[in-house]
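The first sequence begins at 5 in the working numbering and counts up by one.
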Amino acid sequence: MTVIVRFAPSPTGYLHVGGHRTALYNYLFARKHGGRFILRIEDTDQSRYVEGAVENLVKSLRAMGLDWDAGPDKEDEKGPYYQSQRLEIYQREIHRLISTGKAYRCFCSSERLAELRERQLAAGESPGYDGRCRHLDPQEAEKRALKEPHVIRMRVPDDGAMTFHDVIRGEITVEFSRVDDQVLMKSDGFPTYHFANVVDDHYMGVTHVIRGEEWLPSLPKHLLLYDDLGWEAPVFAHLPLLLNPDKSKLSKRQGDVAVEDYLAKGYLPQALNNFLALLGWNPGDNREIFSMDELIERFSLDRVNKAGAVFNTEKLDWMNHQYIQAMEDADYLKEARKWLSGIVLNDRGDAALLAVKSGLTRFDEIPDKLAPFVSRVSFPQEGEAAELMAAESTRTVLQTLKEKLQTQSLNNPAGFFPLMKGVQKETGIKGKNLWMPVRIALTGELHGPELNVIAYYLGNEEMIRRLEKALKGA
RNA sequence: GUCCCGUUCGUCUAGUGGUCAGGACUCAGGACUUUCAUUCCUGCAACAGGGGUUCGACUCCCCUACGGGAUACCA
């Protein structure tokens, strides 16, 4: 049996990192087993329609390096992959359920239901449908259905219990008395998630449903539906949730949750994938950095955790840093140049970009990191830097260096060290007193990238200009 | 409220009856370095609580507490 899995988001406008992790696990599982990975759009809620949401979703998923074998942009005979385009299928199946008595028409108004719920809550009962339309005469109901708005509910057994299996959580038993007569078809003719999901998974041949833990409580309904429809149910695996720092379900209110937000900050897709893969799953050894291929090779559902995981970006930062350091220079430069945001580098820009690499956590830090190379230097007025500039030896160092720069041109970073050695020899000043004044004069800062690269990038002319400026200030 | 799921360092996690409870991030200290960063070394830091079961429980069972999820004509 070939494995078929799916990622079935509702188009809310962006790809949620939690959703992406679900997608990733499905993808890894499919690829690991040589199976198929499907993308299906669950757009059954008309009131939630968001313009361009699907395009955005597809874009983010692709940017993250996932590809699917079938989906809204890759239709095949099992499609369409938009639920809103599968309405006839749901109609057909719901009629089967009605005819076998597994579902029934319900004419209760939403006002009555809201009232009912309120009353139940007030009385300390658990809210749920009271079954008023449960025993309407079928023929009568069909007649009313012609002109009255109504929904269609599933008929859950009155008593008994169901024991089912989840790959991650094991055996779970739920009593039917706790399961509500779920609405399957809404009054607008669209199916609810619960119904569309089961029908589509069946017809698309899904063998493993890997989804978030928020669906675990409704699994009995889904299982019942498979049974009522006479279908074999797939294997279920409910993933632990991604959490806010306060342990609640990861939400927009407490920080960025869209994949595109993280991409926009300069996290590398593979770093984000790697990080997310390890949030709720581990390979069983102490390794933490994995390529996509390695993740595919090592992924398995039985090493997925049960408990939710806090989405904490500290480790993501570290991981992104690792990925940046591991980049080939050419790749790094190509990427880094996308993040200049207006900064114009001279023809020695590559050297500057490379010099800044070791301290880079995210690519959006590039402009800041580049400041020592490109910003106009302001002379320090106070603090340690000012003190150093006021030192007696400083003037001598700067003056001597300036003179050397007037006669010897600097054509590579390595050339700066001998130059400074010359200054040291001539002035007898060394160590901190030699290097710091030069750094401050050239960059205005106490700290920064390697001075030899800064010197090379600036070139003789600019260095002389800055030294003169510093000499005047000093 | 009710049902379901969960609970190992601050965070991500390893661990399936006998371990000095391991690793990673963060943090602190140190080494290297002309600064910063990188890198390396060292250190701080955890089995929610209570009962069982057992010669022996982080590991198995029960209870409690706490956290989360679900309780919609949203997914």
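Idealized CB from N, CA, C, for every residue including glycine.
Only a predicted model underlies this, so the values are computations on that prediction, with no experimental measurement involved.
Could you work out which residue in Gln87, Glu81, Asp71 is closest to Gln50 when comparing CA atoms only? Gln87
Other residues of its chain near Ile433: CB distance less than 6 Å, five sequence neighbours each side excluded: Excluding residues within five positions, the ones whose Cβ falls inside 6 Å are Ser397, Val401.
Short of 8 Å in beta carbon distance, which residues of its chain neighbour Asp170, apart from the five on each side in sequence? Order them along the chain. Ile176, Leu220, Leu223, Phe240, Ala241, His242
Can you tell which of Cys110, Gly39, His212, Lys269 has its C-alpha closest to the C-alpha of Val187? Cys110
Give me the residue from Asp205, Lys151, Gly132, Asn309 with the minimum Cα distance to Leu233. In this structure, Asp205 is the residue among Asp205, Lys151, Gly132, Asn309 with its C-alpha nearest to the C-alpha of Leu233.
Measuring only the C-alpha atoms, how far is Gly531 from Thr167? The structure shown does not extend to residue 531, since the chain spans only 5 to 478, so no value can be given for it.
When the distance is taken between beta carbons, is Gly75 closer than 8 Å to Leu28? For Leu28 and Gly75, no; Cβs fall outside 8 Å.
Residue nearest to Leu409 in terms of C-alpha spacing, selected from Leu32, Glu466, Gly259: Glu466
Which two residues bound the contiguous alpha helix (DSSP H) that contains Arg109? It is not in any alpha helix (DSSP H) - Arg109 instead sits in the beta strand (DSSP E) that spans 107–110.
Going by CA-CA distance only, name the one from Tyr94, Asn415, Arg173 that's closest to Pro244. Arg173
Tyr53 by DSSP, collapsed to three states: which one? Coil at Tyr53, not helix or strand.
List the endpoints of the continuous beta strand (DSSP E) containing Val210. Element bounds for Val210: n/a, residue is neither H nor E.
In chain order, what residues of the same chain have a beta carbon less than 8 Å from the beta carbon of Val7, not counting five sequence neighbours either side? For Val7, where only same-chain residues beyond five positions count, the Cβ hits under 8 Å are Phe33, Ala34, His37, Gly38, Gly39, Arg40, Thr211, His212.
For Leu91 and His154, I'd like the C-alpha separation in whole angstroms. Their backbone Cα atoms lie some 17 Å apart in a straight line.
Quick check: the Cα distance between Gly69 and Arg10, rounded to an integer number of angstroms? 16 Å
Other residues of its chain near Glu236: CB distance less than 8 Å, five sequence neighbours each side excluded: Tyr230
Endpoints, alpha helix (DSSP H) assigned at Ala340: 333–340
Could you tell me which whole beta strand (DSSP E) segments of length 3 or greater appear in the region 35–90? 40–43
Thr431 vs Thr404 beta-carbon contact at 8 Å: yes
Using the C-alpha atoms, what's the distance from Lys319 back to His451? Straight-line Cα distance between these residues: approximately 25 Å.
Count the other CB atoms within 10 Å of the CB of His139; is the residue buried (16 or more) or exposed (fewer)? exposed
For Trp285, which beta-bridge partners are listed by DSSP? Val308
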